[in-house]
Amino acid sequence: MPTPPILELTDRAREIFRLVVEGYIATGSPVGSKVLAGPGGVKLSSASIRSVLADLESLGLLAAPHISAARLPTEAGLRLFVDGIMQVAEPTAEERLAIESRIAAPGPIEAALEATSALLSNLTSGAGVVMVPRREPRLMHLQIVPLGPGRALAVLVGEEGAVENRIIELPASLPPGALEEASNYITAHLAGRTLGEAARAMRSDIATGKSALDTASRDLVERGLAVWSEDATARPVLIVRGQANLLDESALSDLERVRSLLDDLENKQSVAELLETAREADSTRIFIGSENRLFALSGSSVIASPYRDREGRVVGVVGVIGPTRLNYARVVPMVDFTAQSLGKLIG
277 MPTPPILELT DRAREIFRLV VEGYIATGSP VGSKVLAGPG GVKLSSASIR SVLADLESLG
337 LLAAPHISAA RLPTEAGLRL FVDGIMQVAE PTAEERLAIE SRIAAPGPIE AALEATSALL
397 SNLTSGAGVV MVPRREPRLM HLQIVPLGPG RALAVLVGEE GAVENRIIEL PASLPPGALE
457 EASNYITAHL AGRTLGEAAR AMRSDIATGK SALDTASRDL VERGLAVWSE DATARPVLIV
517 RGQANLLDES ALSDLERVRS LLDDLENKQS VAELLETARE ADSTRIFIGS ENRLFALSGS
577 SVIASPYRDR EGRVVGVVGV IGPTRLNYAR VVPMVDFTAQ SLGKLIG
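Quick note on my numbering: the sequence shown kicks off at 277 and runs consecutively.
Structure (C-alpha cells):
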C-alpha cells in the first residue's frame, strides 16, 4: 500500500501519529492510548484515540507488536515522519564546538577523521562512520619479484614508507631480465608520481618513442601499474567507531537484530558501497530499514552526508548508523554540520 501524503491525514490523526513516533524514538517502546491521553498528550478519550490508532495502522503507518494495544511506527511511518513532520534541532553551541575542535586538532587528517567518527558516535548513541578521501600513494620504489611459472609479486613502496604487495600474472616465455628492467624503469623514471600519473607518463613515453623498454618489459610495467591502480580506486577506506553504543538496554530484547547489525558493520566494503550512494546527494540522506539492502535484516537506519573540498568536489562521506528509532531530528543536522566542518578541514 503506498504511503499517503501527510496532508491527507486529519489534524487529529497527524498529532497522534507525531506523538507515537516521538514517543517510540524516545523510549524504544510502543506507545498506547493511555500515554497519549495523559499529560502532554491529546484531549481525547482513550476510545477515540484507539480509533485513530486503528486508522493509522490500516494506512500502514503504525503497527501493533504481538498482541499489544500499543503502537509503534512502521518504516513507512518513519519515512512519512522524517519527510513531512519532523522539526530538526540544530546542534547546540557546545556540540558545534566539540565537533569543530575535534576536527581541527593538530595531526594527520586520518587522525581527525577517526576522532570525528568516534565523536559522532558519542553524540548520537549510534555507530559513527567516515569514508576517508581516496588518496593514491606516490611511488618511491616498485619491485617485481618472480614467484614461479606465470606469477610474480609486485612490491610497492610509497614515499611515506608504506609497503604493500600484489600478485600479478606473467606472460608466457618471459625473456630473462625483463622483470628487473621493468622494475628499474618504474623506479628510475616514474618515482614521485601517483599510480595514475605514472601510467599516463609511461604511455606517453611509449607513444612518443622515449621509452627504451622492449615489448615484454613494457607489458610488465603496465601489468604492475594496472593492478595497483585498480586496487586504489576499488578499495574503500572506512572508519567505523562506536559499535558498542548499539548494545544498549533496549537491544537486550532484540539480540538477533543487533547481532545482524554488527555483522553488517564488519563488512566494510558493503558499508562503503552504501555510503557511496550518498556521494552525489545535495544534502544529508536518510536510509530507513529495508530502504537499503545491507541493513534490511537488522532493521537499521543510516544518516549520511557527503563532504567536499574547497573546489566543491565530493571527497568522502560521514554518517551515523543505528536502530530505526534514531533521533532523526537531532542526528540529521549534526551529521550535516560535521560534513561542513570536515569540508573546511579538507580545504
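C-beta atoms are modelled at their ideal positions from N, C-alpha and C, and glycine is treated no differently.
- Query: Which partner residues of E552 appear in the DSSP bridge assignment?
  - Reply: E552 is not bridged to any residue.
- Task: Find the nearest neighbour of Y604 within the set Q616, A580 and D585, judged by alpha-carbon distance.
- Result: A580
- Item | Runs of beta strand (DSSP E) lying entirely within the stretch 535 to 594, each at least 3 residues, in chain order | 561 to 564 and 576 to 584
- Message: Nearest by alpha-carbon distance to N543: which of I515, A374, I622 and H465 is it?
- Response: I515
- Task: Could you tell me which residues DSSP puts in a beta bridge with N398?
- Result: According to DSSP, N398 bridges with nothing at all.
- Interface flag, F563 vs chain C, CB-CB below 8 Å: No chain C appears in this structure, which consists of one protein chain only.
- Boundaries of the alpha helix (DSSP H) in which V358 is found, first to last residue: E351 to G360
- Task: Please name the residue in V405, E390, A464 and T491 whose C-alpha comes closest to that of A454.
- Result: Of the candidates V405, E390, A464 and T491, the one whose C-alpha sits nearest the C-alpha of A454 is T491.
- Message: Counting C-beta neighbours from all protein chains within 10 Å, is the total for E370 16 or more, i.e. buried, or is it exposed?
- Response: exposed
- Message: Assess contact between the stretch 437 to 457 and the stretch 419 to 426, defined as three or more Cβ pairs (one per stretch) separated by less than 8 Å. Is contact present?
- Response: These segments touch.
- Query: From what residue to what residue does the beta strand (DSSP E) around Q363 run?
  - Reply: It is not in any beta strand (DSSP E) - Q363 carries neither H nor E in the DSSP assignment.
- Give me whichever residues DSSP pairs with V439 in a beta bridge. V433
- Query: Three or more C-beta pairs closer than 8 Å, one from the stretch 566 to 575 and one from the stretch 329 to 348: is that the case here?
  - Reply: no
- So G402 and G518 are in contact, right, with Cβ under 8 Å, and what is the actual spacing, rounded? 7 Å
- Task: Can you say whether V439 is buried or exposed, counting buried as having 16 or more other CB atoms within 10 angstroms of its CB?
- Result: exposed
- Excluding the 5 residues preceding and the 5 following V591 in the sequence, name in chain order all residues of the same chain whose CB lies nearer than 7 Å to its CB. P409, Y583, R584, D585 and I622
- Query: How big is the Cα-Cα spacing for R378 and N568?
  - Reply: 30 Å
- Between the beta-carbon of P306 and the beta-carbon of R347, is there less than 8 Å? yes
- Message: When you compare the stretch 426 to 437 with the stretch 383 to 399, are there three or more beta-carbon pairs, one atom per stretch, that lie closer than 8 Å?
- Response: no
- Message: Quick check on the DSSP output: the alpha helix (DSSP H) that includes P609 runs from which residue to which?
- Response: Start and end: Y604 to I622.
- Message: Can you tell me whether T303 is helix, strand or coil according to DSSP?
- Response: The three-state secondary structure of T303, taken from DSSP, is helix.
- Can you give the Cα-Cα distance for D481 and H465, rounded to whole angstroms? 10 Å
- Message: Using DSSP's beta-bridge definition, name the partner residues of G598.
- Response: S577
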